[in-house]
Every structure is written in C-alpha cells, then in structure tokens.
Amino acid sequence: GSPAILQVGPYPEWDEIPLNEAFTVHRYFDAPDKAALLEEVGPAIRGIATRGELGADRAMIAACPNLEVISVYGVGYDAVDLAACRERGIRVTNTPDVLTRDVADLGVAMMLCQARGMVGAEAWVRDGSWASKGLYPLRRRVHGMRAGVLGLGRIGFEVARRLAGFDMQIAYSDVAAKDYAPDWEFIADPVALAARSDYLFVTLAASAETRHIVSREVIEALGPEGMVINISRASNIDEEALLDALESGKLGSAALDVFEGEPALNPRFLALDNVLLQPHHASGTVETRKAMGQLVRDNLSAHFAGRDLLTPVL
Ligand code: 8YV
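Each residue of the sequence shown is one higher than the last, beginning at 2 in UniProt numbering.
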C-alpha cells in the first residue's frame, strides 16, 4: 500500500492538498492516546509530516524504526532532533522561500502597529474615547529611525529591504558580514546592535547556539525607548528578562508573534499595555500556507519516488 505517514500537527489547508491521497496518514495530533498510537503504528511509519514548532523529538523518532524522511511544514526546523536523524540517515525537509515575504510583511506591520498604537487607537474610536476624551495620545515615529536586524538570512533581508523603504538607518548582526547587504552597517555584537537601534528585529533561525541571544543585556541596551519585534522563535529571547524589562520600563515595548509554551503564554504578557501579541501567524496567508502544504507533500512524494528532495535540510 501507500507509504505510512505520521501527521504531527493539523493544518486546514493540508486538506486542500490532502496527504491522504498519496499516503496512509496516521493523525498524531488528535489521537486519544498518542503513546498507544506510536506503539501501534510506529513500526509501519516511513515518513513524518510535522509543523515547524512541533517538530519530531528523539522519542518520536525512536518509536519509528523504519522512518526515512521528516517533512517540516515551516522554515524553522529547530524542533526536529537533527542529531537523531543524522544517526539514522533520516532525511529532513522544510518549506523555505515560499513564506519569506509574508513573514517579513507581518514583522514590519507589527512594528508600525505597535509604534503608532493602532490597537489602542482602534479601541479609542470604538469605545467613544475619541468623542469624550479628544485626540489619541501621541506615539513614536518609524521613518528615519534606527533599525537593527538580528539575523540577515532570507527573512531578515526582506525585513531590511522593507525598512529601507521607510528611510530607516539599518544595521544588522550575523555570524559574518553579508556581501548582499552593501548599504547596511554590519555590527557583530548583538548588544552593540541593540544599543544603536530603536527597533530591533529578531529574524534568525533558532538553535541551541542562538538560545537567548536576545539576553537581558541586549534588552536593556535596546532601552526604554526601544522596541523588540520577534518573528522567529521565542527561544531566541530570554523571555523572563523580556517580561521584567517590559514591566519595569527598562524596555519600551515589544511586538511578538512567538511565545514560550505557545499557544499558551506566560500570563504576565496579558497584564502589559506595551506589547503587541500575535498568534504565530506571520506566514499565515492562504497563498503561502497552500504553497507550504504543497511542499510538504511534494517532498514526501519525491522521497518515496526516489527523486531528489525539493527543499532538503538534511
Ligand atoms: C509556520 C513558522 O507556519 O515557518 C516557520 O518556521 O514558524 C511558521 O511559518 C509554523 O511553524 C507552522 O506551524
């Protein structure tokens, strides 16, 4: 029969590019007893289809002794145990490029929305404050201000390109200067980058090496007038330090699309009025999610047909 796939996370648009047309799909995410499912079907599983932030941990991989390929729906594959995959020669694919510009679009929109207070301004109109209290409180400028981009990969580059349209003074940090970024200042040290920035975008892939790269020191260098925008992974920021700084005013504001423990989040965020909260939807457009779903399926089909993978990670 068709190859058995373990589907780790739900995605409605996958129904439009159904995995079950080409594969025998076992749904992990809504299984009443996940451990029992793995024990029952694990030996038959040849492929895993998972989401970027759900991944596949060592235990799941070990429960599938005949696993050949893991197809990630998302560009971030930090939740996949790559060491376990290397040990077994398991292939890994992700869905880069198709989502880059949507993620950059939302990151810039989040900066503008938070800087200009658009969520509060909408409430100001709707709740009658405009009529009863008058003009909405003044907010901070974006154009011409200093932008820092932490991680100038595909997404960071598209963010910086967009910020150039706002005449912002752009600098970036990465493991090395990028020859494709001639007009933007390279600052290797994240603390130094934050110290000269008003808006700091976190756009680097998450890994053990980048965990908490946005440290308490980086956050306090960004300072009481600064804003951090995170469209990568929560693990790139020391979230306790972030909450402390937002509560104390040592950091001006934040615009966040990712959280530790999402979709649950630390309740301290809900008490803050200087943070924009978004539900990990930076790639969440119809067009992009269909393209991601298609890539998930096409990578699996290519593997089982013995063809080259479209977007291999490993
Ligand atoms: C995905 C993401 O939608 O691409 C990534 O790494 O975080 C998002 O674009 C998400 O991972 C899928 O649930």
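By construction, the Cβ of each residue, glycine as well, lies at the ideal position given by its N, Cα and C atoms.
Excluding residues up to 5 positions away in sequence, L7 and V42 lie with their Cβ nearer than 6 Å to the Cβ of H27 in the same chain. Membership of N267 in any alpha helix (DSSP H) is not indicated, and neither H nor E is assigned to it by DSSP. Exposed is the label assigned to N67, since fewer than 16 other Cβ atoms lie within 10 Å of its Cβ. If you draw a 10 Å sphere on the C-beta of G145, you find fewer than 16 other C-beta atoms in it, and that means exposed. The DSSP-derived three-state label of S72 is strand.
Taken through DSSP and simplified to helix, strand or coil, A50 comes out as strand. If the five residues before and after T286 are omitted, its C-beta is found closer than 8 Å to the C-beta atoms of D103, all from its own chain and listed in chain order. Across the structure, N267 and F260 are spaced so that their CA atoms are roughly 8 Å apart. Within the DSSP secondary-structure output, A189 pairs in no beta bridge. In this structure, the ligand 8YV has no non-hydrogen atom nearer than 6 Å to the beta-carbon of V143. The C-beta of G129 has fewer than 16 other C-beta atoms within 10 Å across all chains shown, which makes the residue exposed. Taking 3 residues as the minimum length, the beta strand (DSSP E) runs contained wholly in the region 195-250 are 200-203 and 228-231, in order along the chain. Counting only runs of at least 3 residues, the region 121-165 fully encloses the following beta strand (DSSP E) elements, listed from N- to C-terminal order: 147-151. Our two residues, A165 and Y78, have alpha carbons roughly 29 Å apart in a direct line.
Around the CB of G262, fewer than 16 other CB atoms lie within 10 Å, so the residue is classed as exposed. A235 is classed as buried because its beta carbon has at least 16 other beta carbons within 10 Å across all chains shown. Below 8 Å, too few C-beta pairs join the region 120-129 and the region 174-182 to call them touching: fewer than three. Excluding five sequence positions before and after D309, the CB atoms of its chain that fall closer than 7 Å to its own CB belong to A303, given in chain order. A265 counts as exposed, since fewer than 16 other C-beta atoms from the protein chains shown sit within 10 angstroms of its C-beta.
E22 and Q295 have their alpha carbons spaced roughly 13 Å apart. The shortest C-alpha to C-alpha distance from Y200 to any of D190, E226, R217 and T211 is the one to E226.
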